[in-house]
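Beneath this line is the structure, given in structure tokens, with notes to follow.
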Amino acid sequence: MTIAAPMSLLAELTHRCPLACVYCSNPLQLERRAAEMSTEGWLKTLDQAAEMGILQVHFSGGEPMARPDLPQLIRHARSLNLYTNLITSGILLNKDTLAALDDAGLDHIQLSFQDVTNEGAERIGGLKNAQPRKLEAARLINELGIPLTLNFVVHRENIARIPDMFTLARDLKAQRVEIAHTQYYGWGLKNRSALLPSREQLNDATRFVEDEQRKGGLAIDYVTPDYHAETPKPCMDGWGRRFINITPSGRVLPCHAAEIIPNVAFPNVEDTSLNEIWFDSELFNLFRGTDWMPEPCRSCPKKEEDWGGCRCQALALTGNAANTDPICSKSPLHHTVDQALKEAGKNPTDLLYRRF
Amino acid sequence: MTTPPPQDAQTRVPSLARGYRLQHDKVRDLWLIQAPEKALILEGAAPEILRLVDGERSIATIIDTLSVRYDAPRDLITNDVLTLLNDLTEKRALRA
Numbered sequence: 001m002t003i004a005a006p007m008s009l010l011a012e013l014t015h016r017c018p019l020a021c022v023y024c025s026n027p028l029q030l031e032r033r034a035a036e037m038s039t040e041g042w043l044k045t046l047d048q049a050a051e052m053g054i055l056q057v058h059f060s061g062g063e064p065m066a067r068p069d070l071p072q073l074i075r076h077a078r079s080l081n082l083y084t085n086l087i088t089s090g091i092l093l094n095k096d097t098l099a100a101l102d103d104a105g106l107d108h109i110q111l112s113f114q115d116v117t118n119e120g121a122e123r124i125g126g127l128k129n130a131q132p133r134k135l136e137a138a139r140l141i142n143e144l145g146i147p148l149t150l151n152f153v154v155h156r157e158n159i160a161r162i163p164d165m166f167t168l169a170r171d172l173k174a175q176r177v178e179i180a181h182t183q184y185y186g187w188g189l190k191n192r193s194a195l196l197p198s199r200e201q202l203n204d205a206t207r208f209v210e211d212e213q214r215k216g217g218l219a220i221d222y223v224t225p226d227y228h229a230e231t232p233k234p235c236m237d238g239w240g241r242r243f244i245n246i247t248p249s250g251r252v253l254p255c256h257a258a259e260i261i262p263n264v265a266f267p268n269v270e271d272t273s274l275n276e277i278w279f280d281s282e283l284f285n286l287f288r289g290t291d292w293m294p295e296p297c298r299s300c301p302k303k304e305e306d307w308g309g310c311r312c313q314a315l316a317l318t319g320n321a322a323n324t325d326p327i328c329s330k331s332p333l334h335h336t337v338d339q340a341l342k343e344a345g346k347n348p349t350d351l352l353y354r355r356f
Numbered sequence: 357m358t359t360p361p362p363q364d365a366q367t368r369v370p371s372l373a374r375g376y377r378l379q380h381d382k383v384r385d386l387w388l389i390q391a392p393e394k395a396l397i398l399e400g401a402a403p404e405i406l407r408l409v410d411g412e413r414s415i416a417t418i419i420d421t422l423s424v425r426y427d428a429p430r431d432l433i434t435n436d437v438l439t440l441l442n443d444l445t446e447k448r449a450l451r452a
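Following this line, the structure appears as structure tokens:
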């Protein structure tokens, strides 16, 4: 099998964050500040990333603006011709911190919103008065002319407000909006019964998105929730095919949730080169391509479309990461998904916040 | 058949929008425009045309330059250039 070079790097600079979102994509076992990779470590990693063909770097977290060296990292990435995208809550963004990022050559910002109402945003993010600070952040970003995408994570509690999310995006002069249904790993999985929408809500969400797309003038990325689907999503576009995730301590993963996979070593970019990890590590070859697949994937005509779905989901729902993603209607364990759908909405007030 | 655009449209000076960057990918040996959450791969004459889109040259100058460089009829080049620029404007890669 020929292994192609990766396209994209998600650099999780820190797990520290002023928000405590109940669907946070960070692992349950958060890494503390003392474990974070040094500036030098990240600079070296960016060199290696550019050298091996990575095109885009997404600076994320936690809240990446909690790292004072962020402008330095962006400036270095730009000097290597890497496309620099910042994924931020906007909470630490002010005129000065933004000017430093702009001056460093930042290409694009994705600003996360938890909702369009103060109340909804505080309930999900767990931080008082977050919403006005985000609105102010969007205004400052516009003032400097940095291209802006608004990211909304949607779920049972805010799906009805998707039309207002589009209105907000247009008001804030965003070029793009991501409407992403909650993905159920880590913290999201803990809060699944409160967040997972009904089939009817999903249909509403899809209709809202299609209505808005017809209006034009706003690019919309729509990430569907796979629990209601019959075929699995091509998670990460295939394990070890395009994407590298690096955790705050320098662990290199095929996706942000992969640390839950048992019985495999997680290589660290401080010990081993990114190139060697991508091409040769046990972790990146574990579920790469189609050779690892069990039936019914192995003989499935769609195996090179969905790549067997999501390994972390197979592990979380069936106890074995090498099983067929149970979202697939052909999975012998598909009933685990049906069970989750039945439980959805039963405990809507019990939310577990993401905390250290 | 598309109507030829008026001559004065060619006095316009095209430039890439902020957030969009032309670059050569040395690992894959191809030209692309880096864009939010994606890269647009450029084929055929597109890289040669876009390398002249520098925020200083007008469309007419770009067409003249290519016409001389490739010793090709101006009409043919005009069609290629305008098709590409319109397509990229629609994709918001170029300032409208």
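Here the protein sequences come in this chain order: U and B. The opening residue of the first sequence carries number 1 in our numbering; numbering runs sequentially from there. The opening residue of the second sequence carries number 357 in our numbering; numbering runs sequentially from there. For glycine and all other residues, C-beta sits at the position ideal for the given N, C-alpha and C. Treat the numbers as computed from the prediction; the structure is a model and nothing was measured.
Helix, strand or coil for residue i per DSSP?
{"i": "residue 111 of chain U", "result": "strand"}
{"i": "residue 437 of chain B", "result": "helix"}
{"i": "residue 278 of chain U", "result": "helix"}
{"i": "residue 222 of chain U", "result": "strand"}
{"i": "residue 363 of chain U", "result": "Nothing can be reported for residue 363 of chain U, as the shown portion of chain U is limited to 1 through 356."}
{"i": "residue 402 of chain B", "result": "helix"}
{"i": "residue 430 of chain B", "result": "helix"}
{"i": "residue 91 of chain U", "result": "coil"}
{"i": "residue 252 of chain U", "result": "strand"}
{"i": "residue 149 of chain U", "result": "strand"}
{"i": "residue 142 of chain U", "result": "helix"}
{"i": "residue 446 of chain B", "result": "helix"}
{"i": "residue 4 of chain U", "result": "coil"}
{"i": "residue 315 of chain U", "result": "helix"}
{"i": "residue 424 of chain B", "result": "helix"}
{"i": "residue 135 of chain U", "result": "helix"}
{"i": "residue 98 of chain U", "result": "helix"}
Would a check of beta-carbon distances place residue i closer than 8 Å to chain B?
{"i": "residue 174 of chain U", "result": "no"}
{"i": "residue 107 of chain U", "result": "yes"}
{"i": "residue 5 of chain U", "result": "yes"}
{"i": "residue 55 of chain U", "result": "yes"}
{"i": "residue 83 of chain U", "result": "yes"}
Tell me the residue span of the alpha helix (DSSP H) that contains residue i.
{"i": "residue 335 of chain U", "result": "335-343"}
{"i": "residue 212 of chain U", "result": "199-215"}
{"i": "residue 282 of chain U", "result": "282-285"}
{"i": "residue 165 of chain U", "result": "162-171"}
{"i": "residue 47 of chain U", "result": "39-51"}
{"i": "residue 78 of chain U", "result": "70-79"}
{"i": "residue 193 of chain U", "result": "192-195"}
{"i": "residue 118 of chain U", "result": "118-125"}
Would you say residue i lies against chain U (beta-carbon separation less than 8 Å)?
{"i": "residue 452 of chain B", "result": "no"}
{"i": "residue 448 of chain B", "result": "yes"}
{"i": "residue 375 of chain B", "result": "yes"}
{"i": "residue 384 of chain B", "result": "yes"}
{"i": "residue 381 of chain B", "result": "yes"}
{"i": "residue 392 of chain B", "result": "yes"}
{"i": "residue 402 of chain B", "result": "no"}
{"i": "residue 416 of chain B", "result": "no"}
{"i": "residue 395 of chain B", "result": "yes"}
In or out: residue i buried (at least 16 other Cβ within 10 Å) or exposed?
{"i": "residue 67 of chain U", "result": "buried"}
{"i": "residue 181 of chain U", "result": "buried"}
{"i": "residue 208 of chain U", "result": "buried"}
{"i": "residue 76 of chain U", "result": "buried"}
{"i": "residue 329 of chain U", "result": "exposed"}
{"i": "residue 400 of chain U", "result": "Outside the shown range of chain U (1 to 356) lies residue 400 of chain U, about which nothing can therefore be said."}
{"i": "residue 313 of chain U", "result": "buried"}
{"i": "residue 45 of chain U", "result": "buried"}
{"i": "residue 426 of chain B", "result": "exposed"}
Please list the terminal residues of the continuous beta strand (DSSP E) segment that includes residue i.
{"i": "residue 396 of chain B", "result": "394-398"}
{"i": "residue 31 of chain U", "result": "Segment: none, residue 31 of chain U is in no beta strand (DSSP E) and carries neither H nor E."}
{"i": "residue 368 of chain U", "result": "As displayed, chain U neither begins before 1 nor continues past 356, which places residue 368 of chain U out of reach and without an answer."}
{"i": "residue 84 of chain U", "result": "83-88"}
{"i": "residue 180 of chain U", "result": "176-181"}
{"i": "residue 304 of chain U", "result": "No beta strand (DSSP E) holds residue 304 of chain U; the alpha helix (DSSP H) holding it covers 303-306."}
{"i": "residue 8 of chain U", "result": "8-12"}
{"i": "residue 391 of chain B", "result": "386-391"}
{"i": "residue 381 of chain B", "result": "377-381"}
Against chain B, which members of the stretch 118-148 of chain U pass a CB distance test of less than 8 Å?
145, 146, 147
By the 8 Å beta-carbon criterion, what residues does the stretch 28-57 of chain U contribute toward chain B?
From the stretch 28-57 of chain U, only 52, 53, 55, 56 have a Cβ closer than 8 Å to chain B.
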